[in-house]
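Protein sequences, first through last, are from chains A and B. Taken in order, the first sequence gives residues 1 to 285; the numbers are from my numbering. Taken in order, the second sequence gives residues 286 to 568; the numbers are from my numbering. Worksheet: the structure to be examined is printed underneath.
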Amino acid sequence: MEGPIQTKRSASLQPLLSRIFLIGMSLFYISPMYWMLVTALKSDRELANFPPTLWPHEIVWQNFDQATRTFPFLSYLENTIFYAALTVLGSVLSNFVIAYGFSRIKWTGRDLLFYPVIASIFIFIQFPVNPITMVPMFSFFARLGLVNSFLPLILPTFFGNPFFIFLLRQFMLQIPADLSEAARIDGANEFQIMYRIILPLARPALVVVGLLAGVNAWNDFLGPLIYLQNDKLYTLSLGLTFFKTMHGIQFNLLMAASCLVVLPVIVVFLFFQRFFIEGISLGGK
Amino acid sequence: MGLLFISPWIIGFFLFLLYPVLSNFHLGMTQYSGFGEPEWIGLRNYQQLLKDPLFWTSLSNTFYYVLLAVPLGVAVAIALAMAMNQKVREVTLYRALLYIPSIAPIFALAMMLIWLLNPRFGLFNYLLGLLHIPAINWLGDTRWSKLAIVLVAQFGAGNIGLIFLTALRAIPARLYDAASLDGAGPWKKFWYITLPLLTPTILYDIIIGIGLGLQVFVPAYIMTDGGPLNSTMFTALYIYKNAFEYSQVGLAAAVSGILFIINVVLAVTIFWSSKYWVNYHLE
Chain A
1 MEGPIQTKRS ASLQPLLSRI FLIGMSLFYI SPMYWMLVTA LKSDRELANF
51 PPTLWPHEIV WQNFDQATRT FPFLSYLENT IFYAALTVLG SVLSNFVIAY
101 GFSRIKWTGR DLLFYPVIAS IFIFIQFPVN PITMVPMFSF FARLGLVNSF
151 LPLILPTFFG NPFFIFLLRQ FMLQIPADLS EAARIDGANE FQIMYRIILP
201 LARPALVVVG LLAGVNAWND FLGPLIYLQN DKLYTLSLGL TFFKTMHGIQ
251 FNLLMAASCL VVLPVIVVFL FFQRFFIEGI SLGGK
Chain B
286 MGLLFISPWI IGFFLFLLYP VLSNFHLGMT QYSGFGEPEW IGLRNYQQLL
336 KDPLFWTSLS NTFYYVLLAV PLGVAVAIAL AMAMNQKVRE VTLYRALLYI
386 PSIAPIFALA MMLIWLLNPR FGLFNYLLGL LHIPAINWLG DTRWSKLAIV
436 LVAQFGAGNI GLIFLTALRA IPARLYDAAS LDGAGPWKKF WYITLPLLTP
486 TILYDIIIGI GLGLQVFVPA YIMTDGGPLN STMFTALYIY KNAFEYSQVG
536 LAAAVSGILF IINVVLAVTI FWSSKYWVNY HLE
């Protein structure tokens, strides 16, 4: 008798406990974003209050206006979009073709050559610039006179990224081989099969790669820091450092600018939520 | 034919991985300011590093960070995955809230944290004050500064959390049902079913986490610039400063080479150890 009653009670208690756990964690995770917005809307006077007010008592929208005039916001926005757009192009193009070669064509040594791809994931965790390779790569690009251009940041994305290759390969291996075989019998060559048959089917996975690559470029700090030394070329990430002055940081303005940088990422996420979640999950298989 | 398709990656592998990794050891044996020609000096950079206390500080800071951030990161990611796996109707909403910080730019999070952790006006100390914990100078006190940097990284755990979620869902329900019949409680189920079956994902997370930890740069650059008293001078920051602020390109390359070797040794060791603790037998 004891068993069923206990299950019944825990069954009604379970969703409540789950919700408390979920709400607690969500609050913690969203707190920096919330605090960013709240701080962005506070007046200088309210900012100096202690204890801090948990929401702005007087909303100062002008902070956004003033923040975008503290640094050349529009031109940095343009630079960031340029960087992100070309990164998306390079990543989608190169990783699709490479992953195609690793999954849709049978050739000797294919699976053997895939080991170095997997092994190099941990070096390329930060992409395109990472602390392990940045010194020689910088010297290399400096010799070619390419510092202060976007080329050192964009060029690597046209040569594949191990994580994206892995992701797309996983996806394309699930497409039945018969589709390619049938087309081959009909006389289609490999490029035609790739373009006409596999490309449309792989589109969801390519959207994931494009999204992740674009967000990664948007969020890149180290790459622009090293290669974009001319402040006309700065991206938004470097633009935020304008708020750090000798007199300290004006946090309401900095946070207003930060909100403007973060907002597009969140909007893109909300639009493509399903792709993000499913794409990352694909990497887990 | 297949080689033709993967040829961009082969070029990339040589140009953007093999070349710089090997070049680190070559440049590491030169005196090079970034201008003119590198001058060959043999092992002198390495001798100088052995004597430089800041180099050792940077290594010990980095190890401290890895030792703290990696296990904590695994625990947080599993907690996130279990949260995302709860059976409540609006779970997709929570999933989005938990995931969003991981795609937000880390530099913006880091700047936010400077304010959140401000010793005088920060929300964090205020909340601690409500619990009667005295104010902590998070970014100005050598005892807490590394912890603050570790904290930033935890906000990015949503990504790996999703991978753990996939692994959680792959665990057959019948295992839990069988355990229930045997009278196992939630803790026992977690310990004897969930955790062992998550070990492949834990292995992946540890290897990625070690790579991320050894390369940690942006939060330290933005929040503390290596301070106070070099307590957040991580190796990546040490490399950056030598190469781009002190014109010690050769020395910086030598350190990058050492960091690469450490990364490979740790990754290989963990991978080798996996046969003792990773469970690959789901079915």
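Cβ atoms here follow ideal geometry from the backbone N, Cα and C, with glycine treated the same way.
Can you give me the Cβ contacts of residue i inside the same chain, cut-off strictly under 8 Å, excluding the 5 residues immediately before and after it?
| i | result |
| --- | --- |
| B:T342 | N515 and M518 |
| A:N252 | T39, A40, L41, K42, S43, D44, L47, V60 and N63 |
| B:G327 | M314 |
| A:L282 | L167, Q170, F171, A205 and V208 |
| A:T133 | I123 |
| A:M36 | M255, S258, C259 and V262 |
| A:G3 | In this prediction, A:G3 scores a pLDDT of 41, lower than 50, which makes its location untrustworthy; the coordinate-derived value is nonetheless stated afterwards. Result list for A:G3: empty, nothing under 8 Å. |
| B:I495 | V351, V355, N548, L551, A552 and I555 |
Listing by chain order, which chain B residues have their CB less than 7 Å from the CB of residue i?
| i | result |
| --- | --- |
| A:F150 | Under the 7 Å cutoff, chain B gives no residues; its nearest Cβ is about 16 Å from A:F150. |
| A:T39 | W400 |
| A:R110 | G287 |
| A:R19 | V373 |
May I have the straight-line CA-CA distance separating residue i from residue j, to the nearest angstrom?
| i | j | result |
| --- | --- | --- |
| B:Y571 | B:A539 | One cannot answer for residue 571 of chain B here, as it falls past the ends of chain B, which runs 286 to 568. |
| A:R9 | A:P15 | Confidence in A:R9 is poor, its pLDDT being 48 and thus under 50, which makes the residue's placement unreliable; the coordinate value appears in the next sentence. Going from the Cα of A:R9 to the Cα of A:P15 covers about 11 Å. |
| A:L144 | A:F50 | 54 Å |
| B:I492 | A:R69 | 43 Å |
| B:S430 | B:W423 | 6 Å |
| A:G307 | B:G441 | In the structure as shown, chain A starts at 1 and stops at 285, and residue 307 of chain A therefore has no counterpart that could be examined. |
| B:G425 | A:L54 | 25 Å |
| A:F221 | A:S180 | 42 Å |
| B:A366 | B:I456 | 13 Å |
| B:I388 | A:V215 | 7 Å |
| B:L302 | A:T241 | 30 Å |
| B:L312 | A:Y29 | 43 Å |
| A:F122 | B:E324 | 32 Å |
| B:S532 | A:A84 | 30 Å |
| B:A360 | A:A177 | 40 Å |
| A:I5 | B:Y489 | Low per-residue confidence applies at A:I5: pLDDT is 42, beneath 50, and the placement is therefore not dependable, though the value from the model is reported in the following sentence. Straight-line Cα distance between these residues: approximately 41 Å. |
| B:P404 | B:P419 | 10 Å |
| B:A464 | B:Y565 | 20 Å |
| B:F289 | A:L93 | Before going further, note that residue 289 of chain B is Leu rather than Phe in the sequence given. When rounded, the distance between both Cα atoms is 14 Å. |
| B:T509 | A:I98 | 40 Å |
| B:A362 | B:I487 | 9 Å |
| A:E278 | B:I448 | 10 Å |
| B:W557 | B:V563 | 10 Å |
| A:D186 | A:Q192 | 11 Å |
| B:V501 | A:A183 | 48 Å |
Taking 7 Å as the cut-off, does the CB of residue i come closer than this to any heavy atom belonging to the ligand GDP?
| i | result |
| --- | --- |
| B:Q332 | With respect to the ligand GDP, the structure offers nothing, as it holds no ligand at all. |
What residues of chain A sit near residue i, judged by a beta carbon separation below 7 Å?
| i | result |
| --- | --- |
| B:P481 | Neighbours of B:P481 on chain A: none; closest Cβ ~17 Å, over 7 Å. |
| B:F502 | P131 and L222 |
| B:A537 | V135 |
Go through its chain and collect everything with a Cβ distance to residue i's Cβ below 7 Å, but skip five positions before and after it.
| i | result |
| --- | --- |
| B:G511 | A505, T517, M518 and L522 |
| A:S103 | R169, M172 and L173 |
| A:F138 | I226 |
| A:E58 | S43 and E46 |
| B:M396 | I507 |
| B:N444 | S387 |
Could you name the residues of chain B that residue i contacts, counting a contact when the two beta carbons are closer than 8 Å?
| i | result |
| --- | --- |
| A:L240 | F392, A393 and M396 |
Could you list which residues in chain A have their beta carbon closer than 9 Å to that of residue i, in chain order?
| i | result |
| --- | --- |
| B:Y350 | Ordered by position in chain A, no residue passes the 9 Å Cβ test against B:Y350, which lies about 13 Å from the chain. |
| B:W429 | Here the premise fails: no neighbours, minimum Cβ distance about 18 Å. |
| B:M286 | G101, I105, W107 and E190 |
| B:F301 | F124, P128, T133, M137, L155, P156 and F159 |
When the cut-off is 8 Å and only beta carbons count, does residue i lie next to chain C?
| i | result |
| --- | --- |
| A:L22 | Note that chain C does not occur in the displayed structure, where the protein chains are A and B. |
Residue i touches chain B at which residues, Cβ-Cβ below 9 Å?
| i | result |
| --- | --- |
| A:V92 | Neighbours of A:V92 on chain B: none; closest Cβ ~13 Å, over 9 Å. |
Looking only at its own chain, which residues have a Cβ that is under 6 Å from the Cβ of residue i, when we skip the five neighbours before and after it?
| i | result |
| --- | --- |
| A:F271 | none |
| A:L238 | P224 |
Chain B contacts from the segment 197 to 215 of chain A (Cβ-Cβ distance under 8 Å): V215
Residues within the segment 54 to 88 of chain A neighbouring chain B, beta-carbon criterion of under 9 Å: L54
4-residue-minimum alpha helix (DSSP H) runs that sit fully inside the segment 193 to 280 of chain A, ordered along the chain: 199 to 218, 222 to 227, 236 to 239 and 251 to 271
Residues of the segment 165 to 194 of chain A with Cβ closer than 7 Å to any Cβ of chain B, in chain order: I165 and E190
Residues from the segment 541 to 560 of chain B in contact with chain A, defined by Cβ distance under 8 Å: S541, L544, F545, N548 and A552
Contained alpha helix (DSSP H) runs [length at least 4] in the segment 116 to 181 of chain A, N- to C-terminal order: 134 to 143, 151 to 154 and 162 to 173
Positions along the segment 250 to 275 of chain A whose CB lies within less than 8 Å of some CB in chain B: F251, L254, M255, S258, V261, V262, V265, I266, F269, L270 and Q273
Beta strand (DSSP E) runs wholly inside the segment 337 to 371 of chain B, at least 3 long, in chain order: none
Chain A contacts from the segment 518 to 535 of chain B (Cβ-Cβ distance under 8 Å): T520, A521, I524, Y525, A528, F529 and V534
Short-range partners of chain A found in the segment 362 to 373 of chain B, where Cβ spacing is below 8 Å: A364, L365, A368, Q371, K372 and V373
Contact set between the segment 419 to 453 of chain B and chain A, restricted to residues whose Cβ is under 8 Å from the partner: F440, G443, N444, L447, I448, F449, L450, T451 and A452
Interface positions of the segment 316 to 332 of chain B facing chain A (Cβ-Cβ less than 8 Å), listed along the chain: Y317 and G319
Residues of the segment 461 to 473 of chain B whose Cβ lies closer than 7 Å to any Cβ of chain A, in chain order: none
Those runs of the alpha helix (DSSP H) which lie wholly inside the segment 67 to 114 of chain A and span at least 4 residues: 73 to 103
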